[in-house]
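> Got a structure for you, questions after.
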Amino acid sequence: MTSRREGGPAPAFGEIHVMEVIELLGSESPVGRLKLSQRLKIGEGSTRTILKHLRVRGIVKGTRKGYMLTRKGMKIYGFLQERILGPLELSKTNLAFGEYNVAFLVRGAAEAVKLGLEQRDAAVRVGSLGALTLVYKGRRLTMPGAEKRYSKDLLKVQQLLTEKFGFEEGDVVVVGVGGSKRSAELGAKAALLETLRRLRG
Numbered sequence: 005m006t007s008r009r010e011g012g013p014a015p016a017f018g019e020i021h022v023m024e025v026i027e028l029l030g031s032e033s034p035v036g037r038l039k040l041s042q043r044l045k046i047g048e049g050s051t052r053t054i055l056k057h058l059r060v061r062g063i064v065k066g067t068r069k070g071y072m073l074t075r076k077g078m079k080i081y082g083f084l085q086e087r088i089l090g091p092l093e094l095s096k097t098n099l100a101f102g103e104y105n106v107a108f109l110v111r112g113a114a115e116a117v118k119l120g121l122e123q124r125d126a127a128v129r130v131g132s133l134g135a136l137t138l139v140y141k142g143r144r145l146t147m148p149g150a151e152k153r154y155s156k157d158l159l160k161v162q163q164l165l166t167e168k169f170g171f172e173e174g175d176v177v178v179v180g181v182g183g184s185k186r187s188a189e190l191g192a193k194a195a196l197l198e199t200l201r202r203l204r205g
């Protein structure tokens, strides 16, 4: 499900930025605080708070050259790399109606999806226009509650995503919708985090 109402302002930082810090430090480290702030497009104060939060939990450590992941942090990074693929930009369609549409695949998370309303709401809360949640089952991509209405669009999206990701039964695709690439990406990441949260719960 998506929403055509413009979302409110995104928070200064949150779970999305925590995930982005872990992903960045997992792929290249050590990284200084200023560079992290620039890459995440958030203030140094917010970056400092995130790093403090992660240090207290034993996920990152500081060195003279910058910050890097601990062994615990690398386990979390490995989990994210294993379960999440993307991002992939999609063209505007009847399904993904934003000027910018960014997709991620979450491996084996179908049981965490009902109608996609929770994922949509999570995306709106961070300032995105909304999010679309699709489930791969029976060798085809489906949209809970609206498969027949969007069958042709679903087929087109499936063809595009198959080339990029390759599907397995029970995979979930979240598509963030926004007026900018960053807005769409934040919406998609909020939706995938909501999916992972419901999978754990």
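Here the sequence shown is numbered in this note's numbering, starting from 5 and rising by one per residue. Beta carbons are placed, not taken as given, at the ideal position from N, Cα and C, and that holds for glycine. Computed from a predicted model, the values in this text were never measured in an experiment.
Taking all protein chains shown into account, decide if LEU73 is buried (16 or more other Cβ within 10 angstroms of its Cβ) or exposed.
Position 69 of the sequence shown, counting from 1, holds the residue named residue 73. Flag for LEU73 reads buried.
> DSSP three-state call for LEU159: helix, strand or coil?
Here residue 159 is taken as the residue at index 155 of the sequence shown, counted from 1. LEU159: helix per DSSP, three-state reduction.
> Tell me the rounded alpha-carbon separation between GLU48 and GLU172.
If you number the sequence shown from 1, residue 48 lands on position 44. If you number the sequence shown from 1, residue 172 lands on position 168. Those two C-alpha atoms are separated by around 40 Å.
> Who are ALA135's beta bridge partners in DSSP?
Taking the sequence shown and counting its residues from 1, one reaches residue 135 at position 131. Beta-bridge pairing links ALA135 to GLY180.
> Buried or exposed: GLY12, going by 16 or more other Cβ atoms within 10 Å of its Cβ?
Working through the sequence shown from its first residue, we reach residue 12 at position 8. At GLY12 the pLDDT is 41, less than 50, meaning the model places this residue with poor confidence; the figure from the coordinates comes in the next sentence. Exposed, since its Cβ has fewer than 16 Cβ neighbours within 10 Å.
> Are the segment 53 to 61 and the segment 83 to 92 touching by the rule of at least three beta carbon pairs closer than 8 Å?
Result no; under three Cβ-Cβ pairs closer than 8 Å.
> What three-state label does DSSP hand THR212 in the structure shown?
This structure does not reach residue 212, given that the chain is present from 5 up to 205, and the question cannot be answered.
> Alpha carbon to alpha carbon, how far is HIS21 from LEU44?
Locating residue 21 in the sequence shown gives position 17, where the first residue counts as 1. Locating residue 44 in the sequence shown gives position 40, where the first residue counts as 1. Their backbone Cα atoms lie some 7 Å apart in a straight line.
> For LEU29 and VAL64, which I take to be in contact (beta-carbon distance under 8 Å), what is that distance rounded to the nearest angstrom?
Sequence index remark: in the sequence shown, residue 29 carries index 25 (1-based). Sequence index remark: in the sequence shown, residue 64 carries index 60 (1-based). That pair is a contact at about 6 Å.
> Count the other C-beta atoms from every protein chain shown that fall within 10 angstroms of the C-beta of ASN105, then say buried if there are 16 or more, exposed otherwise.
Position 101 of the sequence shown, counted from the first residue, corresponds to residue 105. So ASN105 counts as buried.
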